[in-house]
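In our numbering, the protein residues as written are 7 to 232.
Okay, structure coming up:
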(Lines of atoms letter the chains of each structure in order from A and count residues from 1; the text may use other names and numbers.)
(Lines give C-alpha, C1' and ligand atoms only; values in the text may rest on other atoms or scores of the structure.)
Protein backbone atom coordinates (compact mmCIF):
# COMPACT_ATOMS: atom_id res chain seq x y z
CA UNK A 1 0.00 0.00 0.00
CA UNK A 2 1.28 3.47 -0.87
CA UNK A 3 1.00 4.84 2.69
CA UNK A 4 2.02 1.74 4.62
CA UNK A 5 4.32 2.56 7.59
CA UNK A 6 4.57 6.24 6.56
CA UNK A 7 4.51 8.77 9.38
CA UNK A 8 5.33 11.82 7.27
CA UNK A 9 4.56 13.28 3.84
CA UNK A 10 7.14 15.62 2.32
CA UNK A 11 5.87 17.80 -0.52
CA UNK A 12 7.63 19.76 -3.19
CA UNK A 13 5.72 23.00 -3.83
CA UNK A 14 5.64 24.03 -7.49
CA UNK A 15 3.89 21.51 -9.70
CA UNK A 16 3.15 19.28 -6.70
CA UNK A 17 1.02 21.28 -4.26
CA UNK A 18 0.23 24.20 -6.56
CA UNK A 19 0.02 24.61 -10.33
CA UNK A 20 2.67 27.31 -10.66
CA UNK A 21 5.38 26.09 -13.04
CA UNK A 22 3.80 28.04 -15.90
CA UNK A 23 4.59 31.45 -14.44
CA UNK A 24 8.37 31.13 -14.43
CA UNK A 25 8.86 31.11 -18.18
CA UNK A 26 7.11 34.47 -18.47
CA UNK A 27 9.13 35.84 -15.55
CA UNK A 28 12.39 34.62 -17.10
CA UNK A 29 11.51 36.20 -20.44
CA UNK A 30 10.68 39.52 -18.80
CA UNK A 31 13.72 39.48 -16.55
CA UNK A 32 16.25 38.62 -19.25
CA UNK A 33 14.56 41.15 -21.54
CA UNK A 34 15.61 43.89 -19.13
CA UNK A 35 19.19 43.13 -20.11
CA UNK A 36 18.47 42.76 -23.83
CA UNK A 37 18.67 38.97 -23.66
CA UNK A 38 16.42 36.27 -25.08
CA UNK A 39 15.31 33.14 -23.23
CA UNK A 40 17.46 30.12 -24.23
CA UNK A 41 15.53 26.97 -25.06
CA UNK A 42 17.56 24.90 -22.61
CA UNK A 43 17.17 27.20 -19.61
CA UNK A 44 14.44 25.18 -17.92
CA UNK A 45 16.37 21.92 -18.06
CA UNK A 46 19.63 23.59 -17.02
CA UNK A 47 18.19 24.93 -13.74
CA UNK A 48 15.86 22.06 -12.85
CA UNK A 49 16.11 21.22 -9.17
CA UNK A 50 18.34 24.18 -8.33
CA UNK A 51 17.56 26.24 -5.26
CA UNK A 52 16.47 29.86 -5.61
CA UNK A 53 20.02 30.97 -4.75
CA UNK A 54 21.66 28.45 -7.09
CA UNK A 55 19.37 29.59 -9.91
CA UNK A 56 20.28 33.24 -9.33
CA UNK A 57 23.98 32.38 -9.37
CA UNK A 58 23.49 30.40 -12.58
CA UNK A 59 21.76 33.39 -14.20
CA UNK A 60 24.46 35.77 -13.00
CA UNK A 61 27.30 33.65 -14.37
CA UNK A 62 25.62 32.50 -17.59
CA UNK A 63 24.14 35.85 -18.60
CA UNK A 64 26.67 38.20 -16.93
CA UNK A 65 23.92 39.89 -14.89
CA UNK A 66 25.43 42.94 -13.15
CA UNK A 67 23.10 42.75 -10.10
CA UNK A 68 24.02 40.78 -6.99
CA UNK A 69 22.47 37.38 -6.31
CA UNK A 70 20.43 38.89 -3.48
CA UNK A 71 19.16 41.69 -5.73
CA UNK A 72 18.17 39.16 -8.37
CA UNK A 73 16.26 37.03 -5.85
CA UNK A 74 14.46 40.11 -4.53
CA UNK A 75 13.45 41.08 -8.07
CA UNK A 76 12.09 37.59 -8.77
CA UNK A 77 10.14 37.59 -5.52
CA UNK A 78 8.55 40.93 -6.45
CA UNK A 79 7.76 39.78 -9.98
CA UNK A 80 6.15 36.53 -8.78
CA UNK A 81 4.37 37.77 -5.66
CA UNK A 82 1.03 38.77 -7.17
CA UNK A 83 0.89 35.70 -9.37
CA UNK A 84 1.53 33.39 -6.42
CA UNK A 85 -1.04 35.07 -4.19
CA UNK A 86 -3.75 35.68 -6.83
CA UNK A 87 -3.27 33.50 -9.91
CA UNK A 88 -1.64 30.21 -8.85
CA UNK A 89 -4.26 27.49 -8.21
CA UNK A 90 -3.97 24.41 -6.02
CA UNK A 91 -3.50 21.01 -7.60
CA UNK A 92 -6.94 19.34 -7.81
CA UNK A 93 -7.85 17.45 -4.67
CA UNK A 94 -4.85 18.52 -2.61
CA UNK A 95 -6.83 20.36 0.08
CA UNK A 96 -9.04 17.32 0.69
CA UNK A 97 -5.98 15.06 0.67
CA UNK A 98 -4.13 17.19 3.24
CA UNK A 99 -7.22 17.49 5.41
CA UNK A 100 -7.80 13.74 5.48
CA UNK A 101 -4.26 12.64 6.32
CA UNK A 102 -3.47 15.51 8.65
CA UNK A 103 -6.51 14.41 10.59
CA UNK A 104 -5.06 10.90 10.76
CA UNK A 105 -1.84 12.10 12.36
CA UNK A 106 0.50 12.24 9.39
CA UNK A 107 3.22 14.87 9.80
CA UNK A 108 3.77 17.12 6.79
CA UNK A 109 6.47 19.42 5.45
CA UNK A 110 7.15 21.45 2.32
CA UNK A 111 10.59 20.99 0.76
CA UNK A 112 10.94 23.48 -2.07
CA UNK A 113 13.58 24.92 -4.37
CA UNK A 114 11.55 28.13 -4.39
CA UNK A 115 12.03 31.02 -1.98
CA UNK A 116 10.60 30.92 1.53
CA UNK A 117 8.80 34.20 0.84
CA UNK A 118 6.83 32.78 -2.10
CA UNK A 119 6.23 29.43 -0.43
CA UNK A 120 4.75 31.05 2.66
CA UNK A 121 2.73 33.50 0.55
CA UNK A 122 1.04 30.90 -1.63
CA UNK A 123 0.30 28.58 1.29
CA UNK A 124 -1.23 31.46 3.24
CA UNK A 125 -3.25 32.63 0.22
CA UNK A 126 -4.88 29.20 0.00
CA UNK A 127 -5.23 28.66 3.74
CA UNK A 128 -2.82 25.71 3.79
CA UNK A 129 -0.26 26.95 6.32
CA UNK A 130 -1.83 25.04 9.21
CA UNK A 131 -1.27 21.70 7.51
CA UNK A 132 2.52 21.90 7.55
CA UNK A 133 4.85 21.40 10.50
CA UNK A 134 7.86 22.75 8.59
CA UNK A 135 9.00 24.46 5.41
CA UNK A 136 12.52 23.80 4.15
CA UNK A 137 13.95 25.64 1.14
CA UNK A 138 16.87 24.76 -1.09
CA UNK A 139 18.63 27.92 0.07
CA UNK A 140 18.77 26.51 3.61
CA UNK A 141 20.71 23.34 2.76
CA UNK A 142 24.12 22.78 1.22
CA UNK A 143 23.00 21.17 -2.05
CA UNK A 144 19.82 21.56 -4.09
CA UNK A 145 17.95 18.72 -5.76
CA UNK A 146 18.82 16.04 -6.93
CA UNK A 147 21.00 15.90 -3.80
CA UNK A 148 19.08 14.49 -0.80
CA UNK A 149 19.87 17.39 1.55
CA UNK A 150 16.48 19.11 1.50
CA UNK A 151 14.46 15.96 2.20
CA UNK A 152 16.81 14.78 4.93
CA UNK A 153 16.53 18.22 6.54
CA UNK A 154 12.73 18.08 6.33
CA UNK A 155 12.65 14.63 7.95
CA UNK A 156 14.93 15.86 10.73
CA UNK A 157 12.64 18.83 11.41
CA UNK A 158 9.67 16.47 11.68
CA UNK A 159 11.55 14.06 13.91
CA UNK A 160 11.05 11.05 11.64
CA UNK A 161 13.33 8.56 9.91
CA UNK A 162 13.88 8.62 6.14
CA UNK A 163 12.15 5.28 5.74
CA UNK A 164 9.03 6.68 7.40
CA UNK A 165 8.65 9.43 4.78
CA UNK A 166 6.80 9.54 1.49
CA UNK A 167 7.96 12.27 -0.90
CA UNK A 168 5.61 13.90 -3.42
CA UNK A 169 7.47 15.35 -6.43
CA UNK A 170 6.72 16.45 -9.98
CA UNK A 171 10.15 16.64 -11.64
CA UNK A 172 12.94 14.13 -12.20
CA UNK A 173 15.54 16.00 -10.13
CA UNK A 174 13.13 16.06 -7.19
CA UNK A 175 12.33 12.36 -7.51
CA UNK A 176 16.06 11.67 -7.52
CA UNK A 177 16.46 13.78 -4.38
CA UNK A 178 13.83 11.76 -2.54
CA UNK A 179 15.27 8.43 -3.65
CA UNK A 180 18.80 9.59 -2.76
CA UNK A 181 17.47 10.38 0.72
CA UNK A 182 16.38 6.76 1.11
CA UNK A 183 12.69 7.60 0.88
CA UNK A 184 9.82 6.31 -1.23
CA UNK A 185 8.59 8.79 -3.82
CA UNK A 186 5.21 9.43 -5.41
CA UNK A 187 5.60 11.19 -8.75
CA UNK A 188 2.88 13.78 -9.35
CA UNK A 189 1.61 14.47 -12.86
CA UNK A 190 2.05 18.07 -14.01
CA UNK A 191 1.62 19.65 -17.43
CA UNK A 192 5.08 21.26 -17.25
CA UNK A 193 6.80 17.88 -16.90
CA UNK A 194 4.58 15.69 -19.09
CA UNK A 195 7.56 15.11 -21.38
CA UNK A 196 9.25 13.40 -18.41
CA UNK A 197 6.31 11.11 -17.62
CA UNK A 198 7.97 7.88 -18.74
CA UNK A 199 11.14 8.61 -16.79
CA UNK A 200 9.15 9.71 -13.73
CA UNK A 201 7.15 6.50 -13.72
CA UNK A 202 10.31 4.42 -14.02
CA UNK A 203 12.12 6.24 -11.20
CA UNK A 204 9.33 6.73 -8.66
CA UNK A 205 7.64 4.14 -6.47
CA UNK A 206 4.18 5.46 -7.39
CA UNK A 207 2.65 7.78 -9.99
CA UNK A 208 -0.22 10.11 -9.11
CA UNK A 209 -2.31 11.50 -11.95
CA UNK A 210 -4.65 13.37 -9.61
CA UNK A 211 -5.06 13.66 -5.82
CA UNK A 212 -8.80 13.11 -6.15
CA UNK A 213 -8.16 9.79 -7.87
CA UNK A 214 -5.63 8.90 -5.18
CA UNK A 215 -8.19 9.62 -2.46
CA UNK A 216 -10.69 7.38 -4.20
CA UNK A 217 -8.16 4.57 -4.59
CA UNK A 218 -6.99 4.78 -0.97
CA UNK A 219 -10.39 5.35 0.68
CA UNK A 220 -10.81 1.75 1.82
CA UNK A 221 -7.20 1.27 2.86
CA UNK A 222 -6.67 4.49 4.82
CA UNK A 223 -5.11 4.16 8.25
CA UNK A 224 -4.44 6.17 11.37
CA UNK A 225 -0.92 7.21 12.34
CA UNK A 226 -0.22 7.45 16.06
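Don't be surprised by glycine CBs; every beta carbon is placed ideally from N, CA and C.
>> So the candidates are 27, 66, 87; which of them puts its Cα closest to the Cα of residue 50?
In response: In the chain shown, the residue the question calls residue 50 occupies position 44. With distances taken between Cα atoms, residue 50 lies closest to 27.
> Tell me which same chain residues have a C-beta within less than 7 Å of the C-beta of residue 187, skipping the five on either side of it?
Replying inline: Numbered from 1 along the chain shown, position 181 holds the residue referred to as residue 187. Once the five neighbours on either side are set aside, the close Cβ partners of residue 187 are 154, 157, 158, 168.
> So, do the region 205-217 and the region 172-179 have three or more beta carbon pairs nearer to each other than 8 Å?
Replying inline: yes
>> Taking the alpha-carbon of residue 23 as reference, which of 11, 31, 97, 189 has the nearest alpha-carbon?
In response: Your numbering for residue 23 matches position 17 in the chain shown. Measuring from the Cα of residue 23, the nearest candidate turns out to be 97.
> In chain order, which continuous runs of the beta strand (DSSP E) of length 3 or greater are located wholly inside the region 8-94?
Replying inline: 14-17
> Sorted by chain position, which residues of the same chain lie with C-beta nearer than 8 Å to residue 85's C-beta, five sequence neighbours on each side aside?
Replying inline: Walking along the chain shown from the start, residue 85 turns up at place 79. Here the set comprises 33, 36, 37.
> What are the start and end residues of each continuous alpha helix (DSSP H) run of 4 or more residues lying completely inside the region 164-229, in chain order?
Replying inline: 178-186, 203-209, 217-224
> residue 25 to residue 200, Cα distance in whole Å?
Replying inline: Numbered from 1 along the chain shown, position 19 holds the residue referred to as residue 25. Numbered from 1 along the chain shown, position 194 holds the residue referred to as residue 200. Between residue 25 and residue 200, the C-alpha separation is close to 13 Å.
> In whole angstroms, what is the alpha-carbon distance linking residue 189 and residue 19?
Replying inline: In the chain shown, the residue the question calls residue 189 occupies position 183. In the chain shown, the residue the question calls residue 19 occupies position 13. If I take the Cα positions, the gap works out to 18 Å.
> What distance in whole Å lies between the Cβ atoms of residue 134 and residue 104, which are believed to be in contact at a cut-off of 8 Å?
Replying inline: Along the chain shown, read from residue 1 onward, the residue named residue 104 stands at position 98. Along the chain shown, read from residue 1 onward, the residue named residue 134 stands at position 128. Between residue 134 and residue 104 the Cβ distance is about 7 Å, and since that is below 8 Å, they are a contact.
>> How far does the alpha helix (DSSP H) with residue 128 in it extend, from its first residue to its last?
In response: By one-based count along the chain shown, residue 128 stands at place 122. It spans 122-131 - the alpha helix (DSSP H) in which residue 128 sits, taken as one unbroken run.
> Which first and last residues belong to the alpha helix (DSSP H) in which residue 135 is found?
Replying inline: The residue labelled residue 135 in the question sits at position 129 within the chain shown. Taken as a continuous stretch (DSSP letters only), residue 135 belongs to no alpha helix (DSSP H), as it is neither H nor E.
> Looking at the unbroken alpha helix (DSSP H) that takes in residue 96, where does it start and where does it end?
Replying inline: Here the question's residue 96 lines up with position 90 in the chain shown. Careful: residue 96 lies outside any alpha helix (DSSP H) and carries neither H nor E.
>> For residue 113, list the residues DSSP reports as bridge partners.
In response: Taking the first residue of the chain shown as position 1, residue 113 is located at position 107. Answer is 14, bridged to residue 113.
>> Using a Cβ-Cβ cutoff of less than 8 Å, which residues in the same chain neighbour residue 95 once the five nearest sequence positions on both sides are dropped?
In response: In the chain shown, residue 95 corresponds to position 89, counting from 1. Same-chain partners within the cutoff: 24, 25.
> Since residue 41 contacts residue 69 with CB under 8 Å, what's their CB separation in whole angstroms?
Replying inline: In the chain shown, residue 41 corresponds to position 35, counting from 1. In the chain shown, residue 69 corresponds to position 63, counting from 1. Contact flag correct, Cβ pair sits at about 7 Å.
> Should residue 165 go down as buried or exposed, given a rule of 16 or more other Cβ atoms within 10 Å for buried?
Replying inline: Locating residue 165 in the chain shown gives position 159, counting from the first residue. The residue is exposed, with fewer than 16 neighbouring Cβ atoms inside 10 Å.
> With distances taken between CB atoms, is the gap from residue 112 to residue 14 smaller than 8 Å?
Replying inline: Taking the chain shown and counting its residues from 1, one reaches residue 112 at position 106. Taking the chain shown and counting its residues from 1, one reaches residue 14 at position 8. A contact, by the Cβ cut-off of 8 Å.
>> Could you compute how far the alpha carbon of residue 219 sits from the alpha carbon of residue 77?
In response: Translated into positions along the chain shown, residue 219 becomes position 213. Translated into positions along the chain shown, residue 77 becomes position 71. C-alpha separation (whole angstroms): 42 Å.
>> Less than 8 Å between the C-beta atoms of residue 114 and residue 17, yes or no?
In response: Counted from its first residue, the chain shown places residue 114 at position 108. Counted from its first residue, the chain shown places residue 17 at position 11. Their beta carbons are under 8 Å apart, which means residue 114 touches residue 17 by this criterion.
> Would residue 91 pass as a contact of residue 127 if the rule is Cβ separation under 8 Å?
Replying inline: Reading the chain shown from its first residue, position 85 is the one you call residue 91. Reading the chain shown from its first residue, position 121 is the one you call residue 127. Cβ distance < 8 Å, so residue 91 and residue 127 count as in contact.
>> Less than 6 Å between C-beta atoms, sequence neighbours within five positions excluded: which residues of the same chain meet that for residue 161?
In response: For the purposes of this step, residue 161 is identified with residue 155 of the chain shown, where counting begins at 1. The residues are 168, 171.
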